[in-house]
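Here is the structure we will look at, set down as structure tokens.
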Amino acid sequence: MLDAADWAPLALTLKVSLLATLIALVGGVALAFVFARVRFPGRDTLDAILTLPMVMPPTVLGYYLIVVVGRKGWLGPWLDDTFGIQLMFTWQGAVLAAAIVAFPLVFKSARAALEDVEPTLERAARTLGSTEPAVFFRVTLPLAARGTLAGTLLAFARAMGEFGATLMIAGNLPGRTQTLSLAVYDAVQAGDEARADALVLLISAVCVTILVVSSRLLAPRR
Amino acid sequence: MTKRRLPLLLAASLFAAGAQAEELIVSAAASLTNAFKEIGQGFERKHAGDRITFNFAASGALLAQIEKGAPVDVFASADQETMDKAEAGRHLEPGSRRDFAGNSLVVVVPRDSTLKLDGLAALADPEVERVAIGNPATTPNGRYARAALAAAGQWGAVEPKLVLAENVRQSLNYVGRGEVEAGFVFATDAAQDKDKVRIALEVPTEQAIVYPIAVVAGSRKPLARAFVDYVRSAEGQAVLKRYGFKSPN
Amino acid sequence: MKLSVDIDVRLRTGRGRRAREFLLRAAFESADERMVIFGPSGSGKSVTIQAIAGLMRPERGRIALGGRVLFDSACGIDLPARERRVGYLFQDYALFPHLTVADNAGYALRRWPWRLSAEGRERVGAMLELFGLSMLADSLPRDLSGGQRQRVALARALLHEPEVLLLDEPFAAMDLLLRGRMRDELTAIQERFRVPMVVITHDLEDVRTFADTLVIYRHGAVAETLPCKAIRDREGEAGAWARIQNACGGVFDAA
Chain H
794 MLDAADWAPL
804 ALTLKVSLLA
814 TLIALVGGVA
824 LAFVFARVRF
834 PGRDTLDAIL
844 TLPMVMPPTV
854 LGYYLIVVVG
864 RKGWLGPWLD
874 DTFGIQLMFT
884 WQGAVLAAAI
894 VAFPLVFKSA
904 RAALEDVEPT
914 LERAARTLGS
924 TEPAVFFRVT
934 LPLAARGTLA
944 GTLLAFARAM
954 GEFGATLMIA
964 GNLPGRTQTL
974 SLAVYDAVQA
984 GDEARADALV
994 LLISAVCVTI
1004 LVVSSRLLAP
1014 RR
Chain Y
537 MTKRRLPLLL
547 AASLFAAGAQ
557 AEELIVSAAA
567 SLTNAFKEIG
577 QGFERKHAGD
587 RITFNFAASG
597 ALLAQIEKGA
607 PVDVFASADQ
617 ETMDKAEAGR
627 HLEPGSRRDF
637 AGNSLVVVVP
647 RDSTLKLDGL
657 AALADPEVER
667 VAIGNPATTP
677 NGRYARAALA
687 AAGQWGAVEP
697 KLVLAENVRQ
707 SLNYVGRGEV
717 EAGFVFATDA
727 AQDKDKVRIA
737 LEVPTEQAIV
747 YPIAVVAGSR
757 KPLARAFVDY
767 VRSAEGQAVL
777 KRYGFKSPN
Chain Z
265 MKLSVDIDVR
275 LRTGRGRRAR
285 EFLLRAAFES
295 ADERMVIFGP
305 SGSGKSVTIQ
315 AIAGLMRPER
325 GRIALGGRVL
335 FDSACGIDLP
345 ARERRVGYLF
355 QDYALFPHLT
365 VADNAGYALR
375 RWPWRLSAEG
385 RERVGAMLEL
395 FGLSMLADSL
405 PRDLSGGQRQ
415 RVALARALLH
425 EPEVLLLDEP
435 FAAMDLLLRG
445 RMRDELTAIQ
455 ERFRVPMVVI
465 THDLEDVRTF
475 ADTLVIYRHG
485 AVAETLPCKA
495 IRDREGEAGA
505 WARIQNACGG
515 VFDAA
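Written out as structure tokens, the structure is:
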């Protein structure tokens, strides 16, 4: 049913999704902190822009990405010349696409969670001698962790399922950029039902596992 | 009295018009996009009131749709292999299959590219980082290209550089945008995008590239046969020729 | 230890048309160990101790504790809260909900990388013992009663070894019985640790039992400062109480 070649999409999907989620997590929490604490002009507009990838059709997103990082895009040539980084048709491009769609999920949930933290608690920490980084890591972040984690798990699932933008920017190259979603698409297109069935079963098993783990993690204590 | 009769009359006339006008769904290989659109217009002029809806994609993908029961009336593929599969799966109206056009395989490069390709072996050079072809699993274009590369002994060297496209038009698009150094397309596709790509190499194929067309089983529309005949008629063939297609023999 | 405060604070609350400006002029000083700041709600009491703690910056002024200048707008000095060695008891105690009683209490003892030394653990243990909280060391704040929470907050503040302890209406949320008990406890703690305390209240009983120095606020300014301890020494308890009532009596009328 499944041979060695079929595990490649799973390995690739996990690699891409984990990396993309990590990027979305760090970026999302950092920006959420700024947005939750600092009032600056245009904050709401910028928040809306950062949330756009969540509502934009993936193909539109894919197109914008091509315009920016394609061989003849705004940043593409510069990235290649300066860093030797190519994003089109590479798994790194897939990471970029997945990270962008995952980001708003982390950002929004982290911002809400951070805003929920009582400022009095942070003030108390300061009177007890904590530096600002200590206040963030010892008080603010732990209290915002649950909400942020919930958003992050959603982000991971979204990254795993990314298809449209990934197809456009990373292509559908077996073994190199063919994630699980693309592999299923391929199998259906080629009429290979056996492979499609097996892959879908695999993806479903992974998704169910994620859901079970996440509900355990987020279960109310006691 | 007129006030009450008018809407009724309107509805009745619409029904009457609908009863006579037919709609045809034609699934055709991506490389036929421009030629068939024009052929469709000519056909609609001849059959007033009837409408043709086209569905262009990779031949393999189109077959997959038909196999799943898509309500297609006519199927035109870019290779015999896909049509053979359709026939073996009993998706064709027996006796309706005909060949209607020929094509050739070429390698194109971006218009402003300085690459000189004197043979398929040149694709193995380091200057060529990426080569676009249609996905061999679903596109005739990809299969022809793979066969040609294998015959020239270059498949192993070129395969790691391949960027698989959904269909031949996407392969063309990649070259036109400069995302790849070179790409396999049909001669007719190259002619479509003259301002963005140029033909660098003509690729001889073991088998001649001949396009078949057939009525899909279960389509009980006499119009479907009429369309197949029209494509093979002098008018249809003239359009195809204008777009660079060769005659089927 | 002498605490001297001389500040102007301008507070703006609300936005646009509903904006309200609040001006506070506070100036007082005392070397007594028990100071009470008394006044009606909204008179600027909390703002004052927030400024002392470094949680709010006055527009202009000077705050000095012992020999140290915590804030001086003229010289550009503004010590961040963490360096002021000030203990603060918030009105809702501000216990960290995700930390146990022991971890809350020992919070100030952990510096990067935030591990508790053996000595630290001992000190936390001793403090919890003193407050009768040893059995609750592993409990979370949400499982504690109001009185227990206040004790944890006090323990936490004291473990920081502050030079002054600021208490924002510490007994406001308590019933009469508990209030009396906690007042006695606070007095006992003050005597044991000898740490100067500044208590904000609008309860005259707190003033009577606690104040060595009484600072009365009215309309966003210090209306009067009463050296209660000195008065008590001179005129006795009754006399002092009469003076206190007299001074405080007018506060709520003239609102």
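From first to last, the protein sequence lines are chains H, Y and Z.
For the first sequence, this note's numbering begins at 794 and goes up steadily by one.
For the second sequence, this note's numbering begins at 537 and goes up steadily by one.
For the third sequence, this note's numbering begins at 265 and goes up steadily by one.
C-beta: ideal position from N, C-alpha, C; glycine also.
Would you mind telling me which residues of chain H sit closer than 7 angstroms to residue i, beta carbon to beta carbon, in chain order?
i	result
Arg666(Y)	Phe882
Glu715(Y)	Gly863, Arg864, Met881
Glu371(Z)	Contrary to the premise, residue 371(Z) reads as Tyr rather than Glu in this sequence. Within chain H, the residues near Tyr371(Z) are Leu921.
Gln354(Z)	Correcting the residue identity first, residue 354(Z) is Phe in this sequence and not Gln. In chain order: Thr913, Ala917.
Check the Cβ of residue i against every Cβ in chain Y and list those closer than 8 angstroms, keeping chain order.
i	result
Val981(H)	Ala600
Gly984(H)	Gly596, Leu599, Ala600, Glu603
Along the chain, where does the alpha helix (DSSP H) containing residue i start, and where does it finish?
i	result
Ala390(Z)	382-394
Leu858(H)	851-862
Gly886(H)	884-908
Val311(Z)	309-317
Thr477(Z)	Run containing Thr477(Z): none in the alpha helix (DSSP H); it sits in the beta strand (DSSP E), 477-482.
Ala917(H)	912-920
Arg951(H)	934-954
Asn591(Y)	First-last for Asn591(Y): 587-593, but that is the beta strand (DSSP E), not the alpha helix (DSSP H).
Ala622(Y)	616-624
Mind reading off the beta-carbon distance from residue i to residue j? Whole number of angstroms is fine, and I expect it under 8 angstroms.
i	j	result
Glu293(Z)	Val269(Z)	7 angstroms
Leu898(H)	Met847(H)	7 angstroms
Phe579(Y)	Tyr766(Y)	5 angstroms
Ala622(Y)	Leu599(Y)	6 angstroms
Val667(Y)	Val699(Y)	7 angstroms
Ala903(H)	Ala937(H)	7 angstroms
Ala369(Z)	Leu423(Z)	6 angstroms
Leu942(H)	Leu1010(H)	7 angstroms
Starting from residue i, find everything on chain H with Cβ-Cβ shorter than 9 angstroms and list it in chain order.
i	result
Thr674(Y)	Asp979, Gln982, Ala983, Gly984
Trp505(Z)	Simply none; closest approach about 33 angstroms.
Gly308(Z)	The premise fails here: Gly308(Z) is roughly 18 angstroms from chain H at the closest Cβ pair, so nothing lies under 9 angstroms.
Val350(Z)	Thr920
Interface residues of chain Z around residue i at Cβ under 8 angstroms?
i	result
Thr924(H)	Arg346
Over what stretch of residues does the beta strand (DSSP E) that includes residue i continue unbroken?
i	result
Asn785(Y)	Asn785(Y) -> no beta strand (DSSP E), and no H or E assigned at all.
Ala265(Z)	The residue you asked about is not Ala; residue 265(Z) is Met in the sequence shown. Counting along the chain, Met265(Z) falls outside any beta strand (DSSP E), and DSSP gives it neither H nor E.
Asn639(Y)	634-639
Ala748(Y)	Residue identity check: residue 748(Y) is Pro in the sequence provided, not Ala. First-last of the beta strand (DSSP E) with Pro748(Y): 745-751.
Val333(Z)	332-336
Thr465(Z)	461-465
Ala291(Z)	284-294
Ile561(Y)	559-565
Pro761(Y)	The residue asked about is misnamed: residue 761(Y) is Arg in this sequence, not Pro. No beta strand (DSSP E) contains Arg761(Y), which is instead part of the alpha helix (DSSP H) from 758-768.
In chain Z, which residues lie less than 7 angstroms from residue i when you measure between Cβ atoms?
i	result
Leu1010(H)	Residues of chain Z passing the Cβ test: none, with the nearest at roughly 15 angstroms.
Leu914(H)	Ala358, Phe360
Tell me whether residue i counts as near the ligand GTP, meaning its Cβ is closer than 7 angstroms to at least one heavy atom of that ligand.
i	result
Val716(Y)	The ligand content of the structure shown is nil, which means the ligand GTP is not present either.
> Which residues, in chain order, does the segment 926-956 of chain H contribute to contact with chain Z at a C-beta distance below 8 angstroms?
Replying inline: Ala927, Arg931, Val932, Pro935, Leu936
>> Closer than 7 angstroms between beta carbons: that is the criterion. Which residues of the segment 959-975 of chain H meet it against chain Y?
In response: Gly964, Asn965, Leu966
>> With a threshold of 8 angstroms, are at least 3 pairs of Cβ atoms found where one atom belongs to the segment 864-882 of chain H and the other to the segment 705-716 of chain Y?
In response: yes
> Between the segment 829-860 of chain H and chain Z, which residues of the former have a C-beta closer than 7 angstroms to a C-beta of the latter?
Replying inline: none
> Do the segment 620-632 of chain Y and the segment 693-702 of chain Y make contact, defined as three or more Cβ pairs closer than 8 angstroms?
Replying inline: no
> Relative to chain H, which residues along the segment 684-699 of chain Y have a C-beta separation below 8 angstroms, given in chain order?
Replying inline: Leu698, Val699
>> Any contact between the segment 751-763 of chain Y and the segment 300-310 of chain Z? By contact I mean 3 or more CB pairs, one from each, below 8 angstroms.
In response: no
>> Would the segment 904-920 of chain H count as touching the segment 812-830 of chain H if we require 3 or more Cβ pairs under 8 angstroms?
In response: yes
> Between the segment 885-905 of chain H and the segment 804-816 of chain H, do three or more beta carbon pairs fall short of 8 angstroms?
Replying inline: yes
> Taking any Cβ of chain H, which residues in the segment 463-490 of chain Z have a Cβ under 9 angstroms from it, in chain order?
Replying inline: none
> Counting pairs of beta carbons, one from the segment 421-434 of chain Z and one from the segment 340-358 of chain Z, are three or more of them closer than 8 angstroms?
Replying inline: yes
>> Tell me which residues of the segment 405-420 of chain Z have at least one Cβ-Cβ distance to chain H shorter than 9 angstroms, keeping chain order.
In response: Ala417, Arg420
> Should the segment 662-677 of chain Y be called in touch with the segment 605-620 of chain Y, which here means at least 3 C-beta pairs below 8 angstroms?
Replying inline: yes
> What residues in the segment 293-327 of chain Z have a beta carbon less than 7 angstroms from any beta carbon of chain H?
Replying inline: Ala317, Leu319
> Are the segment 700-707 of chain Y and the segment 730-743 of chain Y in contact at 8 angstroms, needing three or more beta carbon pairs?
Replying inline: no
> Does the segment 381-398 of chain Z come within contact of the segment 407-423 of chain Z, defined as at least 3 CB pairs closer than 8 angstroms?
Replying inline: yes
>> Under 8 angstroms, with one C-beta from each stretch per pair, do the segment 633-645 of chain Y and the segment 737-753 of chain Y reach the 3-pair mark?
In response: yes
> Does the segment 769-780 of chain Y come close enough to the segment 723-732 of chain Y to have 3 or more Cβ pairs within less than 8 angstroms?
Replying inline: yes
> Any contact of the segment 983-994 of chain H with the segment 922-929 of chain H, i.e. 3+ C-beta pairs under 8 angstroms?
Replying inline: no
> Does the segment 326-344 of chain Z come close enough to the segment 496-505 of chain Z that 3 or more CB-CB pairs lie under 8 angstroms?
Replying inline: no
> Looking at C-beta atoms only, is the number of pairs between the segment 852-860 of chain H and the segment 942-961 of chain H that lie closer than 8 angstroms three or more?
Replying inline: yes
> Looking at C-beta atoms only, is the number of pairs between the segment 878-889 of chain H and the segment 959-973 of chain H that lie closer than 8 angstroms three or more?
Replying inline: yes
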